[in-house]
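*Asks:* Take this structure, written in C-alpha cells, and hold onto it; I'll ask about it next.
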Amino acid sequence: MAFINENFLKLSENYLFAEIAKRVEAYRAANPDKARHLIRCGIGDVTEPLPQAAVAALHKAADEMAARETFRGYGPESGYDFLRHAIAENDYRARGLSIDDDEIFVSDGSKCDCANFLDIVGSGNRIAIPNPVYPVYVDTNVMAGRGEVFFLEGTRENGFVPMPPDCPADLIYLCFPNNPTGAVASRPQLEAWVAYARRHNAVILFDGAYEAFIRSPGIPHSIYEIPGAESCAIEMHSFSKNGGFTGVRCGFTVVPKTVMGKTSDGKVYPFHALWKRRQSTKFNGVSYPVQRAAEALYSSEGQAQVTVLTSFYMENARLFAQALTSLGWPFSGGVDAPYLWVRVPDGRSSWDMFSHLLEDAQIVVTPGVGFGSQGEGFFRISSFNARASVEEACRRLVSLR
Ligand code: PLP
1046 MAFINENFLK LSENYLFAEI AKRVEAYRAA NPDKARHLIR CGIGDVTEPL
1096 PQAAVAALHK AADEMAARET FRGYGPESGY DFLRHAIAEN DYRARGLSID
1146 DDEIFVSDGS KCDCANFLDI VGSGNRIAIP NPVYPVYVDT NVMAGRGEVF
1196 FLEGTRENGF VPMPPDCPAD LIYLCFPNNP TGAVASRPQL EAWVAYARRH
1246 NAVILFDGAY EAFIRSPGIP HSIYEIPGAE SCAIEMHSFS KNGGFTGVRC
1296 GFTVVPKTVM GKTSDGKVYP FHALWKRRQS TKFNGVSYPV QRAAEALYSS
1346 EGQAQVTVLT SFYMENARLF AQALTSLGWP FSGGVDAPYL WVRVPDGRSS
1396 WDMFSHLLED AQIVVTPGVG FGSQGEGFFR ISSFNARASV EEACRRLVSL
1446 R
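Adding 1045 to a residue's 1-based position in the sequence shown gives its number in my numbering.
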C-alpha cells in the first residue's frame, strides 16, 4: 500500500470556505424559503463582468487560435514576453522600480504560486505568518512540512499590522492590503520589515493581491518601493480582484535575481533560478487568450475600466461602513481594501455571529476565527457583491439594531 503525506492529517478538518459552504447548505436544507433570500458576503469572489478591454482581447485571441497562421500551442512556461513586459513596465518601471521583464513569472493565480513556492524552500526554516491571515499560507506550510511556523499577532492595538518580532525568521509572509483585516502597511512599517529581513537574511513573501484597492496617498503599492527589498522580497500579484479574473485565472510572481537562499553547507543560490526551474518542470504556462486578456488590462482603456471596477467594490465597502457605523459596531478596513473587519458585538464568538447573521438576516459573512486564533471575536464582510445585494444587506444589518 502506498504511504500518504501524513502532513495532511495535521490540517484542520476543513478549509474555511468549505466549512462555511457546509453550514450554509445545512441552513438552506432546513429553511428553504428563507434561504432563497441569502446574501453572500463571505467568500471574496467577484461578481461584476470582466472589463470590456479584457473581453475584446479574449475574443481576438480566440480568433487567432482558429487560424493556422496565428494558432499557438504550448507557450513559454514563465509567460509570453508581451505580458511579462507589460507587467514589469506598468506595475514597476513606470513607478521608478527596476524590475526586469524576466523577473516576472506569469501563472494561473496567486493561490498556486504561494503554495508552489514552498517547492523551492528547504526544510528547517523558521516561518513567520501573521495571525489572522489568508488561511492558504498556513495550510500549505503544514502540507509541505517545511519548517517551524510561528505567528505574528495582528491585534486592534497594532492596527492589524504586526511588526518584526525579537526572534529571527527565515521566511516571512506579509499581505497588504490585508485579507481579512483590510489593513494596509505604511512606508515606515514596511521599511522596518525590510530592515529586519536584511538583518536576518530572511525572505519576505509579499502578497499584493489587493494592491489595486489602495486609495490612501502615501501607502506603498509594492514592497519594492522600499529600498533594499529587491534583495529580500518576492512579490505575488493576482488579476483576480483588479480585473475580475477569479474565473479566468491569471497572476504573477516577481522573483528578483538578487534574492538569495542558501544550502545546508552554506552555498548561496538565487531563488530566481530555482523558481524558473520549478516552473519549467511542473507548469506549462497560462493559456494564450488569458495572457492577452491580462495584457489588455494594462492598455489605457483597460486601466480606466479596472479603476471603475475596483471603485465599484470600494463604494460597496463605503455602504457597509456606513451601516456598521450606524449600528455602532466597531470595524476597520474598507478604505484601501474591499474587506471590512468587524468586532463581534456582545462578546459572542465569531462562529456564533456567523450563525446569528445567517439565521436572522440571511447574510453570509466569514467568521474571523477561520483566519486564525486572533480572528476570534471578529467577522469579515466582503464588498465583492452586486450593488442591490449590498444595499439590501445594509438594510438588514441596520434592522438588527
Ligand atoms: N492572496 C490573497 C491574500 C487572497 O485573498 C487571494 C484570494 O482570495 C489570493 C491570493 C488568490 O488569488 P488567485 O485568485 O490569484 O489565486
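By construction, the Cβ of each residue, glycine as well, lies at the ideal position given by its N, Cα and C atoms. Since the model is a prediction, treat every value here as computed from it, not as a measurement.
1) By DSSP, does N1203 sit in helix, in strand, or in coil?
2) According to the neighbour-count rule (16 or more other Cβ atoms, all chains shown, within 10 Å of its Cβ), is K1055 buried or exposed?
3) What is the rounded straight-line gap between the Cα of V1166 and the Cα of R1191?
4) DSSP three-state label for V1300, please.
5) Tell me whether F1284 counts as near the ligand PLP, meaning its Cβ is closer than 8 Å to at least one heavy atom of that ligand.
6) Does DSSP classify T1185 as helix, strand or coil?
7) By Cβ distance, which residues of its chain are closer than 7 Å to C1159, with the 5 residues on each side in sequence left out?
8) Rounded to whole angstroms, what is the Cα-Cα separation between T1115 and P1121?
9) For E1109 and S1356, what's the separation of their Cα atoms in angstroms?
10) Measuring only between beta-carbons, confirm whether L1128 sits less than 9 Å from chain C.
11) Can you tell me which of L1061, A1074, I1084 puts its alpha carbon nearest to the alpha carbon of E1437?
12) How big is the Cα-Cα spacing for R1337 and E1404?
13) Going by alpha carbons, who is nearest to T1352 out of P1096, I1088, Y1072, N1050?
14) Count the other CB atoms within 10 Å of the CB of F1150; is the residue buried (16 or more) or exposed (fewer)?
15) Name the DSSP bridge partner or partners of M1305?
16) How far does the alpha helix (DSSP H) with F1357 in it reach, from first residue to last?
17) State the DSSP-derived secondary structure class of V1166, mapped to helix, strand or coil.
18) Go ahead and label F1195 buried or exposed: buried means 16 or more other beta carbons lie within 10 angstroms of its beta carbon, across all protein chains shown.
19) Excluding the 5 residues flanking A1278 on each side, which residues of the same chain have their C-beta closer than 6 Å to its C-beta?
20) Count the other CB atoms within 10 Å of the CB of H1082; is the residue buried (16 or more) or exposed (fewer)?
21) Looking at T1226 and the ligand PLP, is the gap between the Cβ and the nearest heavy atom below 8 Å?
22) What's the C-alpha gap between A1047 and P1094?
23) When DSSP labels each residue in this structure, what does H1082 get in the three-state scheme?
24) Tell me the DSSP secondary structure of D1147 in three-state form.
25) Output needed for R1171: all residues of its chain with C-beta closer than 8 Å, excluding positions within five of it in sequence on either side, in chain order.
26) Taking R1425 and T1411 to be in contact with their CB atoms under 8 Å, please state how far apart those CB atoms are, rounded to whole angstroms.
27) If I measure Cβ to Cβ from P1301 and keep anything under 6 Å in the same chain, skipping five residues before and after, which residues do I get?
28) Would F1205 and W1374 qualify as a contact pair, given that the criterion is a beta-carbon distance under 9 Å?
29) At a threshold of 8 Å, does F1290 count as lining the ligand PLP (C-beta to nearest heavy atom)?
30) Nearest by alpha-carbon distance to V1409: which of G1379, V1100, Q1234, R1441 is it?
31) On the criterion of 16 or more Cβ atoms from any shown chain inside 10 Å, does H1104 qualify as buried, or is it exposed?
32) Out of curiosity, what's the CA-to-CA distance linking Y1119 and N1329?
33) What I want to know is whether the C-beta of S1155 ends up closer than 8 Å to one or more non-hydrogen atoms of the ligand PLP.
*Replies:* Taking the geometry as given:
1) If DSSP states are grouped into helix, strand and coil, N1203 belongs with coil.
2) exposed
3) 8 Å
4) coil
5) yes
6) helix
7) V1181, Y1182, T1185, L1250, D1252, M1281
8) 16 Å
9) 33 Å
10) Going by chain labels, chain C is absent from the structure shown, which holds only one protein chain.
11) Restricting attention to L1061, A1074, I1084, the CA atom closest to the CA of E1437 is found in I1084.
12) 44 Å
13) P1096
14) buried
15) DSSP lists P1315 as partners of M1305.
16) 1345–1372
17) coil
18) A residue is called buried once 16 or more other Cβ atoms fall within 10 Å of its Cβ, and F1195, having fewer, is exposed.
19) I1249, F1251, I1268
20) exposed
21) no
22) When rounded, the separation of the alpha-carbon atoms in A1047 and P1094 is 45 Å.
23) In the three-state reduction of the DSSP assignment, H1082 falls in the coil class, being assigned neither a helical nor a strand state.
24) helix
25) G1192, E1193, F1195, C1212, P1213, A1214, D1215, L1216
26) Sure, about 4 Å apart at Cβ, within 8 Å.
27) E1148, E1275
28) no
29) yes
30) R1441
31) Around the beta-carbon of H1104, fewer than 16 other beta-carbon atoms lie within 10 Å, marking it exposed.
32) 7 Å
33) Residue side-chain check: S1155 places its Cβ nearer than 8 Å to a non-hydrogen atom of the ligand PLP.
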